[in-house]
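Visitor:
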Amino acid sequence: MGRKRVGILISGRGSNMASLVDAAKQETCAYEIACVISNRPDAQGLQIAETAGIAAVALDHKALGTREALDAAIHDALLAHEAELVACAGFMRIMTSDFIAKWDGRMINIHPSLLPLFKGVNTHERALRAGVRVHGCSVHFISAELDAGAIIAQGVVKVMPGDDADTLAARVLPVEHRIYPAVLNALAEGRIGLENGRAVFSDNDAAGLSVLASG
Numbered sequence: 514m515g516r517k518r519v520g521i522l523i524s525g526r527g528s529n530m531a532s533l534v535d536a537a538k539q540e541t542c543a544y545e546i547a548c549v550i551s552n553r554p555d556a557q558g559l560q561i562a563e564t565a566g567i568a569a570v571a572l573d574h575k576a577l578g579t580r581e582a583l584d585a586a587i588h589d590a591l592l593a594h595e596a597e598l599v600a601c602a603g604f605m606r607i608m609t610s611d612f613i614a615k616w617d618g619r620m621i622n623i624h625p626s627l628l629p630l631f632k633g634v635n636t637h638e639r640a641l642r643a644g645v646r647v648h649g650c651s652v653h654f655i656s657a658e659l660d661a662g663a664i665i666a667q668g669v670v671k672v673m674p675g676d677d678a679d680t681l682a683a684r685v686l687p688v689e690h691r692i693y694p695a696v697l698n699a700l701a702e703g704r705i706g707l708e709n710g711r712a713v714f715s716d717n718d719a720a721g722l723s724v725l726a727s728g
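Each number in my numbering corresponds to the 1-based position in the sequence shown with 513 added.
1) Tell me the residue span of the alpha helix (DSSP H) that contains I587.
2) So the alpha helix (DSSP H) Q557 belongs to, where does it begin and stop?
3) If I'm right that C542 touches N698 with Cβ under 8 angstroms, what's the distance once you round it to whole angstroms?
4) Give me the Cβ distance between G706 and V713, rounded to the nearest whole Å; I'm assuming they're in contact under 8 angstroms.
5) Within 10 angstroms of the Cβ of S727, are there 16 or more other Cβ atoms? Answer buried if so, exposed if not.
6) Here's a check: name, in chain order, each residue in its chain whose Cβ is nearer than 6 angstroms to the Cβ of R553, leaving out the five neighbours to either side.
7) Could you check how far apart the C-beta atoms of R711 and A663 are, in whole angstroms? I think they sit under 8 angstroms.
8) Relative to the C-alpha of V688, which candidate in I607, L627, G515, R646 has its C-alpha closest?
9) Which whole-angstrom value describes the C-beta separation of V534 and I567, a residue pair presumed to lie in contact below a C-beta threshold of 8 angstroms?
10) Can you look up N635 in the DSSP assignment and give me helix, strand or coil?
11) Have a look at the DSSP bridge pairing and note the partners of A695.
12) Which word fits R642, buried or exposed, when buried means at least 16 other C-beta atoms lie within 10 angstroms of its C-beta?
13) Cα separation between E658 and E563?
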């Protein structure tokens, strides 16, 4: 059985995208990167993809005008590059329910908070304002409701005295880079699925994929 082909959606620097690309270089990895698609032609991540020899697709959401037009262009690009799975890595556009339905159970996202806490943006600032003692990231299936899809795995870090949004983000980011490739690999191997709105696991992945970091 060949590797699953993955399309990565980005909007910016592509930090998590780069971690997925690096993992795909390993012989034991169950996926390969089919393409990287950005809704911003100036996204730094497109350059990273091109340097790695990966097809980079620039789609200008402003020029396309509507969510429906952008989603249609993304869908066409994914099909053109024979993508079987989709990984969102800092993709900052809300998708239409029609597009999400086409990739249901095959599209995942990484979010910088312990969902269901702090959906949306500015998660680190909001976590600090709320006074939580732990923070982290979540990998989840994408659903029609923003950041509300079935949670697959989470990574946890302590909130330290004196943290600001930047220091907290810097501690969460390496955990994101560990957990996201592991989840995508498990999905590509068929060890993770989506049933009745919940993530299901073929073995002990529910525990094994999550990460607990001490600092």
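Virtual Cβ for every residue (Gly too), placed ideally from N, Cα, C.
Guide: Let's see:
1) 580-593
2) 557-564
3) 6 angstroms
4) 5 angstroms
5) Confidence in S727 is poor, its pLDDT being 46 and thus under 50, which makes the residue's placement unreliable; the coordinate value appears in the next sentence. The residue is exposed, with fewer than 16 neighbouring Cβ atoms inside 10 Å.
6) S524
7) 5 angstroms
8) L627
9) 7 angstroms
10) coil
11) In DSSP, A695 forms no bridge with anything.
12) exposed
13) 32 angstroms
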